[in-house]
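Student: Residue numbers (the working numbering): 430 to 961. Think of the CB as a built atom: it goes at the ideal place given N, C-alpha and C, for glycine as much as any other residue. Here you go, one structure.
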């Protein structure tokens, strides 16, 4: 009989999981040996960067990504990065090495004592097979769980299992196919269409799940057919709607009372592909204005179950959007004023500063004007959010990625992953100096693989978002908020990435206009601004 390892490798190959993101330890080597032709191992120097790269890769490619972690220590190192993958519903298959089976009970060195329990608070599914012969089936379950539940699935495998003989039933796993059909039933679809058609002042709230080919354009068509305002859900992690479209109202605030105020005057809030809602600042109040009905459409069962208000339909937002477009295509408007959509809103002139530091808006204006229109941006500069949305003009799906759970360290690795998944598309990482330190080792991987990537490093010498929160919480004198003396040009060059300091707007524009044939880092000193 073939070995467990051979069956596993062939199964992963058939499932398209041939790119392995990892940082290997001794427990993982038996799985990694003898990888078939066509597999690619992407080495990261820290497990947080490994998961961040896989997260960006899976989001940009639209396919699950395979992650290899080392026992308890490597899995623990990855937990912070996994919070972002969970919140963005990124399908990751996380495979961790375990000690040999006879050594687990005595807790020998490098044993993960209760591997599923370590990961289970975060991942959608976690397991360790009861015997070697169950490994192929369990691996298949991990892949299907990640794909169906749209989130990380975790499997711990004792390393002596890989060389064990598979049983006669193991090859059957190679032919497995598991699919999900997410269309609502006829009665459910009728009720939803009637609710939308009856609304006089509907509003759309769109989440990151809308950022996909086809669905992105359908969401635009639906908004235009309804003639209603569109919000991005709070803490949006991908672009759900063109941000300069005349119907776009921006990102909903992340507090209960401000969300209620933003939706005031609307009799229906239709939430597509987003949780209700991911609040951040504790600003209590009514969840919804008086007279506002909320209907949520999501594939995420947990998000539907935990929402504090409204109705929920667990279904594919793409299917529901197409259903509504068909239902609302009859002559005559179903509600609202339905005026023809005007031209996209112009971009305001960027704000400036009187000192030597650039205003973030000047940096983003330079990116908008010097980078191709189809550039994909991976943004981890929290304190410049308001400047970002004021200056950028993003009209294509896959144009924007953001750490979904707010955990720092996604930006640099995520940018590497996006660039690996879409080698023909320009990719820019917009990274703050505070967050850069959490994923800095990703620069080594970018240099090693010669990933075509531009990193624009915004250096203001402080944790700007925390300063804003300090004022909000009435604690402006908290320690540990300044990080002076960091020179990322020298750090980047140490990792093998060419880097330079851009001293002004014209120098930055000139650098951005140069061709990109590998990774590069441009450091820009910026003034401190409020994130919202």
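#1: Specify, as a first and last residue, the run of the beta strand (DSSP E) that residue 677 falls within.
#2: When we look at the beta-carbon of residue 598 and count the other beta-carbons within 10 Å, is it buried (16 or more) or exposed?
#3: Tell me the rounded alpha-carbon separation between residue 605 and residue 444.
#4: Measuring alpha carbon to alpha carbon, tell me which residue in 430, 639, 835, 773 is nearest residue 683.
#5: Taking only the alpha-carbon atoms, compute the straight-line gap between residue 907 and residue 709 and give it to the nearest angstrom.
#6: How close, in whole Å, do the beta carbons of residue 510 and residue 552 come, if the pair is a contact with beta carbons under 8 Å?
#7: Among the candidates 823, 804, 489, whose CA atom is the shortest distance from the CA of residue 855?
#8: Quick one: what does DSSP say residue 649 is sitting in, helix, strand or coil?
#9: Under 8 Å between the Cβ atoms of residue 635 and residue 607?
#10: Starting from the N-terminal side, write out each stretch of the alpha helix (DSSP H) that is 4 residues or longer and does not extend beyond the segment 605 to 664.
#11: Indicate whether the contact test is met: 3 or more Cβ pairs, each with one atom in the segment 693 to 704 and one in the segment 721 to 730, closer than 8 Å.
#12: Considering only residues of the same chain and omitting the five flanking positions on each side of residue 743, which have a CB-CB separation below 6 Å?
#13: Please report the distance separating the alpha-carbon of residue 753 from that of residue 740.
#14: Can you find the residues in the same chain that come closer than 7 Å, C-beta to C-beta, to residue 433, ignoring five residues on each side of it along the sequence?
#15: So if DSSP puts residue 955 in a beta bridge, which residue, or which two residues, is it bridged to?
#16: Would a C-beta distance cut-off of 8 Å place residue 825 and residue 777 closer than the cut-off?
#17: In chain order, what residues of the same chain have a beta carbon less than 6 Å from the beta carbon of residue 474, not counting five sequence neighbours either side?
#18: Is residue 555 helix, strand or coil when you go by DSSP?
#19: Considering only the beta carbon of each residue, do residue 853 and residue 882 sit closer than 8 Å?
#20: Any idea what DSSP makes of residue 837, helix, strand or coil?
#21: Which same chain residues, not among the five before or five after residue 533, have their C-beta less than 6 Å away from its C-beta?
#22: CB-CB under 8 Å to residue 437, same chain, minus the five flanking residues each way: which ones, in chain order?
#23: Short of 8 Å in beta carbon distance, which residues of its chain neighbour residue 768, apart from the five on each side in sequence? Order them along the chain.
#24: Can you give me the Cβ contacts of residue 622 inside the same chain, cut-off strictly under 8 Å, excluding the 5 residues immediately before and after it?
#25: Taking C-beta to C-beta, are residue 423 and residue 662 nearer than 8 Å?
#26: When you compare each of 864, 937, 827 to residue 842 by their alpha carbons, which one comes out closest?
#27: Taking all protein chains shown into account, decide if residue 430 is buried (16 or more other Cβ within 10 angstroms of its Cβ) or exposed.
#28: Just mark residue 536 as buried or exposed, buried being the case when its beta carbon has 16 or more other beta carbons within 10 Å.
#29: Take the Cβ of residue 783 as the centre, count every other Cβ of all protein chains shown within 10 Å, and call the residue buried at 16 or more, exposed below.
#30: Please name the residue, chosen from 481, 542, 470, that lies closest to residue 838 on a Cα-to-Cα basis.
#31: Pair every Cβ in the segment 792 to 808 with every Cβ in the segment 635 to 653, then say whether three or more of these pairs are closer than 8 Å.
#32: I'd like the span of the beta strand (DSSP E) that includes residue 451, first residue to last.
#33: On the three-state DSSP scale, how would you describe residue 949?
#34: Using the Cα positions of residue 625 and residue 585, report the straight-line distance between them to the nearest angstrom.
#35: With a 10 Å radius around its C-beta and 16 neighbouring C-beta atoms as the bar for buried, classify residue 499 as buried or exposed.
#36: Please say whether residue 807 and residue 477 have beta carbons closer to each other than 8 Å?
Tutor: In short:
#1: Taking the first residue of the chain shown as 1, we reach residue 677 at position 248. Where residue 677 is concerned, the enclosing beta strand (DSSP E) stretches over 677 to 680.
#2: Working through the chain shown from its first residue, we reach residue 598 at position 169. By the 16-neighbour rule on beta-carbons within 10 angstroms, residue 598 is exposed.
#3: Working through the chain shown from its first residue, we reach residue 605 at position 176. Working through the chain shown from its first residue, we reach residue 444 at position 15. Residue 444 has its alpha-carbon roughly 10 Å from the corresponding atom of residue 605.
#4: As a working note, residue 683 is residue 254 in the chain shown. Ranking 430, 639, 835, 773 by Cα distance to residue 683 puts 835 first.
#5: Along the chain shown, read from residue 1 onward, the residue named residue 907 stands at position 478. Along the chain shown, read from residue 1 onward, the residue named residue 709 stands at position 280. Each residue's alpha carbon lies about 20 Å from the other.
#6: Residue 510 sits at position 81 when you count from the first residue of the chain shown. Residue 552 sits at position 123 when you count from the first residue of the chain shown. Contact between residue 510 and residue 552 is absent: CB atoms are separated by about 12 Å, not below the 8 Å threshold.
#7: Position 426 of the chain shown, counted from the start, is the residue given in the question as residue 855. In terms of Cα proximity to residue 855, the closest of 823, 804, 489 is 804.
#8: Numbered from its first residue, the chain shown carries residue 649 at position 220. In the structure shown, residue 649 sits in a helix (DSSP, three-state: H, G or I).
#9: Taking the first residue of the chain shown as 1, we reach residue 635 at position 206. Taking the first residue of the chain shown as 1, we reach residue 607 at position 178. No; because the gap between Cβ atoms is not below 8 Å, this pair is not in contact.
#10: List check, alpha helix (DSSP H) in window: 615 to 627, 644 to 655.
#11: Yes, the segment 693 to 704 is in contact with the segment 721 to 730.
#12: On the chain shown, position 314 is the one that residue 743 refers to. Result list for residue 743: 730, 733, in chain order.
#13: Against the chain shown, residue 753 aligns to sequence position 324. Against the chain shown, residue 740 aligns to sequence position 311. So the alpha carbons of these two residues sit roughly 17 Å apart.
#14: Here the question's residue 433 lines up with position 4 in the chain shown. Correct list, in chain order: 561, 564, 565, 590, 591, 593, 595.
#15: Along the chain shown, read from residue 1 onward, the residue named residue 955 stands at position 526. Answer is 787, bridged to residue 955.
#16: Start at 1 with the first residue of the chain shown, and residue 825 comes out as number 396. Start at 1 with the first residue of the chain shown, and residue 777 comes out as number 348. No; because the gap between Cβ atoms is not below 8 Å, this pair is not in contact.
#17: As a working mapping, residue 474 is identified with position 45 in the chain shown. Within the same chain, and ignoring the five residues on either side of residue 474 in sequence, the residues whose Cβ sits closer than 6 Å to its Cβ are 870, 873.
#18: Numbered from its first residue, the chain shown carries residue 555 at position 126. Of the three classes helix, strand and coil, the one that applies to residue 555 here is strand, per DSSP.
#19: Here residue 853 refers to the residue found at position 424 of the chain shown. Here residue 882 refers to the residue found at position 453 of the chain shown. Cβ distance not < 8 Å, so residue 853 and residue 882 don't count as in contact.
#20: In the chain shown, counting from the first residue as 1, residue 837 sits at position 408. If DSSP states are grouped into helix, strand and coil, residue 837 belongs with coil.
#21: Walking along the chain shown from the start, residue 533 turns up at place 104. Excluding positions up to five away in sequence, the list reads 540.
#22: Locating residue 437 in the chain shown gives position 8, where the first residue counts as 1. Taken in chain order, the residues that qualify are 460, 564, 565, 568, 591.
#23: Against the chain shown, residue 768 aligns to sequence position 339. At residue 768 the pLDDT is 44, less than 50, meaning the model places this residue with poor confidence and gives no usable figure here.
#24: The sequence position of residue 622 within the chain shown is 193, counting from 1. Taken in chain order, the residues that qualify are 752, 753, 756, 757.
#25: Since the first residue of the chain shown is 430 and the last is 961, residue 423 is not available in this structure.
#26: Here residue 842 refers to the residue found at position 413 of the chain shown. Relative to the Cα of residue 842, the nearest Cα in the group 864, 937, 827 belongs to 864.
#27: As a first step, residue 430 is located in the chain shown; it is residue number 1 there, counting from the start. Exposed is the call here.
#28: By 1-based counting over the chain shown, the position of residue 536 is 107. It is exposed - the Cβ of residue 536 has fewer than 16 other Cβ atoms within 10 Å.
#29: Here residue 783 refers to the residue found at position 354 when the chain shown is read from its first residue. With fewer than 16 other beta carbons inside 10 angstroms of its own, residue 783 counts as exposed.
#30: Residue numbering aside, residue 838 sits at position 409 when the chain shown is read from its first letter. The residue with the shortest Cα to Cα distance from residue 838 is 481.
#31: Pairwise C-beta distances place the segment 792 to 808 out of contact with the segment 635 to 653, as fewer than three of them are shorter than 8 Å.
#32: Position 22 of the chain shown, counted from the start, is the residue given in the question as residue 451. Residues 448 to 451.
#33: Against the chain shown, residue 949 aligns to sequence position 520. Annotated three-state conformation of residue 949 is strand, per DSSP.
#34: Position 196 of the chain shown holds residue 625. Position 156 of the chain shown holds residue 585. Spanning the alpha carbons of residue 625 and residue 585 requires a straight line of approximately 46 Å.
#35: Your numbering for residue 499 matches position 70 in the chain shown. Flag for residue 499 reads buried.
#36: Working through the chain shown from its first residue, we reach residue 477 at position 48. Working through the chain shown from its first residue, we reach residue 807 at position 378. Cβ distance not < 8 Å, so residue 477 and residue 807 don't count as in contact.
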